Amino acid sequence: MSLTVFAMLELSTVHISLETNQMLEKDTLSLPFFAKSDMNMQYGWFISVPYDDEDWLPDDLQRIMNLAKEKNFKWVMLDCEGARSEHLPVFGW
1 MSLTVFAMLE LSTVHISLET NQMLEKDTLS LPFFAKSDMN MQYGWFISVP YDDEDWLPDD
61 LQRIMNLAKE KNFKWVMLDC EGARSEHLPV FGW
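Counting from 1, one number per residue, gives the positions in the sequence shown under full-length UniProt numbering.
Listed below in structure tokens is the structure:
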């Protein structure tokens with residue numbers, strides 16, 4: 001049996017705006033994603049990196065996807081305690 005392993009980019013949720021977070025909560029983005037939650041508390045996201053450039057994505061999420069693509073990641077995990085990148089804007093919400 002052959003197993004496939006994917007690397008995942010972990011970043012802090014501070015790199016998305018409140019508006020982008022709300023779009024994810026309301027499932028208004030045409031991307032495969034899953035809420036990261038525990039005991040009915042949602043604290044992040046697992047988001048599939050699109051193969052093509054998605055110009056319709058919010059700018060903050062597009063920057064994250066571009067960084068993930070540069071590093072050949074297939075998934076991004078946004079976590080409230082995730083790593084902060086000096087290459088991405090920070091939103092205080």
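Where is the CB? At the ideal position from N, CA and C, for every residue including glycine. Here the structure is a predicted model, which means the values were calculated and not measured.
> Where do the N-terminal and C-terminal ends of the alpha helix (DSSP H) with Asp79 fall, by residue?
Replying inline: The sequence position of residue 79 within the sequence shown is 79, counting from 1. Per DSSP, Asp79 belongs to no alpha helix (DSSP H); it is in the beta strand (DSSP E), Trp75 to Asp79.
> With a CB to CB cut of under 7 Å and the five nearest residues on each side skipped, what residues in its chain are close to Phe46?
Replying inline: Here residue 46 corresponds to residue number 46 of the sequence shown, with the count starting at 1. Closer than 7 Å at Cβ, skipping near neighbours: Phe33, Phe34, Lys36, Trp75 and Met77.
> Are Gln42 and Glu54 closer than 8 Å when you measure CB to CB?
Replying inline: Counted from its first residue, the sequence shown places residue 42 at position 42. Counted from its first residue, the sequence shown places residue 54 at position 54. Result no, Cβ atoms of Gln42 and Glu54 do not sit closer than 8 Å.
>> Helix, strand or coil for Lys69? Go by DSSP, reduced to three states.
In response: To locate residue 69, count along the sequence shown from 1; it is residue 69. It is helical.
>> So for Leu61, helix, strand or coil by DSSP?
In response: Locating residue 61 in the sequence shown gives position 61, where the first residue counts as 1. It is helical.
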